[in-house]
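In the working numbering, the protein residues as written are 5 to 168. Just so you know, even glycine gets a beta-carbon here, dropped at the ideal spot from N, CA and C. Predicted model, so just to flag it, every value in this text is computed and none were measured. Report on the following structure.
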Amino acid sequence: NPLSLRWERKTIEKPKTKINLEEKVGRSMDSRRRGKNASMQRKLQQLRSVTNSSAVNKASIIVDATRYIEELKQKVDGLNSELGTAESSISQDELPMVTVETLERGFLINVFSERNCPGMLGAILDAFEELGLDVLDARVSCEDTFQLEAVGGEVREYTRIYNV
């Protein structure tokens, strides 16, 4: 006699009055997963729009975003180096502070600079000469900082002689 085996599948029905925790946990996990996927899709879409990417899949969008960030970093570095160059060539701290006061019969000029610049005194005296200013009294300090206080008399007529 050949022996025949027969499998029967029996289903056991769960009581409907009891809460099936496994099903509830499974549904709640599915719902969370769907929420995370939707959130991920929104974020990927935002990345695509910011980077002007035409990529469709997640990996390509992320690669495009990474390239975009690197380009932005290079632009920032370039702008910072330009700014540093501009600041080093013309710094507000390096420019002298000049005040001019009118006196009853003349003027008072104060020039102050945080650092001593070679040739500054000569340039200032040349400017006084060009403007026709008669300096009657002057005090100058050129050690670490540059300070000049010049008191002048009435401004003489400005004339310039040109050699032809």
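The alpha helix (DSSP H) enclosing residue i, as first and last residue numbers
i, result
"GLY126", "124-135"
Anticipated Cβ contact below 8 Å, residue i with residue j, distance rounded
i, j, result
"LEU125", "LEU99", "The pair is not a contact, with the Cβ atoms about 16 Å apart (cut-off 8 Å)."
"GLY156", "GLY110", "5 Å"
Range of the contiguous beta strand (DSSP E) that encloses residue i
i, result
"ARG119", "Per DSSP, ARG119 belongs to no beta strand (DSSP E) and is neither H nor E."
"ASP60", "Inspection of the sequence shows that residue 60 is occupied by Val rather than by Asp. No beta strand (DSSP E) holds VAL60; DSSP gives it neither H nor E."
"LEU152", "150-156"
Local conformation of residue i per DSSP, three classes
i, result
"ARG109", "coil"
"ASP141", "strand"
"THR70", "helix"
Nearest candidate by alpha-carbon position, reference residue i, set the options
i, options, result
"ASP68", "ILE113, VAL54 and ASP81", "VAL54"
"LEU112", "ASN41, LEU140, LYS40 and LEU76", "LEU140"
"LEU51", "GLY136, ILE65, LYS40 and SER43", "ILE65"
Inset, instruction - Please confirm if the region 148-156 is in contact with the region 108-123, defined as three or more CB-CB distances below 8 Å between the two stretches. - result: yes
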